[in-house]
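Trainee:
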Amino acid sequence: MNKALAVIGLITVVISSAQATIITQWNFNDGDTGNFPGGVNSPSPSIGEGLALAVGNVTLDRISGIGSSDPEVIDLNRAWGARGYDPFEVAQGLAGVEFRISTMGFENIRLKLDQYKDPRSLRFSQIEVSVGGIVYTPVAVIDGSLINHPDSWFNSLDFDLSGVPGVSNNSQIGIRIVSVFPEESSIGGGDDWETSAGVYYDQVTIYSEAVPEPVSVLGLAGLAVAGLVRRKRG
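Residues 13 to 246 (the working numbering) are what the sequence shown spells out, left to right.
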């Protein structure tokens, strides 16, 4: 009897596993009928749930997504972003776009995206994360210099958001990308900055690992006990 209990204690352990998965993704593409799901002011995610919206006094717009990492066919491939950046808001880091999502059930949160910049757009974009929508924590700055990148696309940029306290397993996460002036020369390609120039995004993906869930192996324990009983009878 004691041996059986010992075996049960040994094999009724809790095991867990974690697998990387997409939480929410926006590809901003047209539907099969040529419509744009959600519209330009609040495009719908292509995977998962979330909200995309403007930050500050900008004009939301779409352009062709050709050149991004999106594998969609040419006719439907689109990118989304903002133009018409106000100089005062840019100076304060208050102009750009935001993505609101839930990370409930997930940890080790990461952000991956493609960025397109008009030649006379602002050079730097800052990624910020909010837990609860009040305070935004800077995570990274994208240096979008076009001097050595003439095609204007910066693809598969990947950022680790897990260092922000509370970002895991949370229903109120905001990720915004705003233009900033960290250096005196902040114009994309060296030309005069035009407020009408835009910064656009494609394949905006928030992905992670599922929070490990306990998996009981009591069934195996029963089989082991049965085996012990059979051996004892034998």
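Beta carbons: idealized from backbone N, C-alpha and C, even for Gly.
Could you tell me whether the Cβ atoms of Gly-108 and Arg-135 are closer together than 8 Å?
Mentor: The answer is no: Cβ separation not under 8 Å.
Trainee: Look at the alpha carbon of Asn-41 and the alpha carbon of Asn-181, and state the distance between them as a whole number of angstroms.
Mentor: 29 Å
Trainee: To the nearest angstrom, report how far apart Val-52 and Pro-177 are at their CA atoms.
Mentor: 32 Å
Trainee: Taking Val-102 as the reference, give the member of Leu-173, Ile-189, Phe-111 and Asn-167 with the closest Cα.
Mentor: Ile-189
Trainee: Expressed to the nearest angstrom, what Euclidean distance is found between the alpha-carbon atoms of Thr-36 and Ile-139?
Mentor: Computed Cα separation, rounded: 17 Å.
Trainee: Please name the residue or residues paired with Ala-64 in a DSSP beta bridge.
Mentor: Phe-111
Trainee: Report the option in Trp-165, Val-143, Val-153 and Pro-150 whose CA atom is closest to the CA atom of Pro-131.
Mentor: Trp-165
Trainee: When you compare only the Cα positions, how much space is there between Asp-98 and Trp-205?
Mentor: 11 Å
Trainee: Reducing DSSP to helix, strand and coil, say where Glu-140 ends up.
Mentor: strand
Trainee: Could you give the distance in angstroms between the alpha-carbon of Ser-137 and the alpha-carbon of Ile-154?
Mentor: 5 Å
Trainee: Please report the distance separating the alpha-carbon of Ile-121 from that of Gln-184.
Mentor: Cα to Cα, the separation comes out at about 13 Å.
Trainee: Determine the burial state of Asn-39: buried for a count of at least 16 other Cβ atoms within 10 Å of its Cβ, exposed for fewer.
Mentor: Answer is buried; the Cβ neighbour count reaches 16.
Trainee: Quick check: the Cα distance between Asp-82 and Gln-215, rounded to an integer number of angstroms?
Mentor: So the alpha carbons of these two residues sit roughly 6 Å apart.
Trainee: Could you compute how far the alpha carbon of Ser-220 sits from the alpha carbon of Ala-209?
Mentor: 33 Å
Trainee: Taking C-alpha atoms, which residue in Gly-50, Ile-187 and Gly-96 lies nearest to Tyr-148?
Mentor: Ile-187
Trainee: Taking the beta carbon of Gly-202 as the centre, do at least 16 other beta carbons fall within 10 Å, making it buried, or is it exposed?
Mentor: Here the model assigns Gly-202 a pLDDT of 46, short of 50, so the residue's position is not dependable, and the following value carries that caveat. It counts as exposed.
Trainee: Does DSSP put Ala-209 in a helix, in a strand, or in coil?
Mentor: coil
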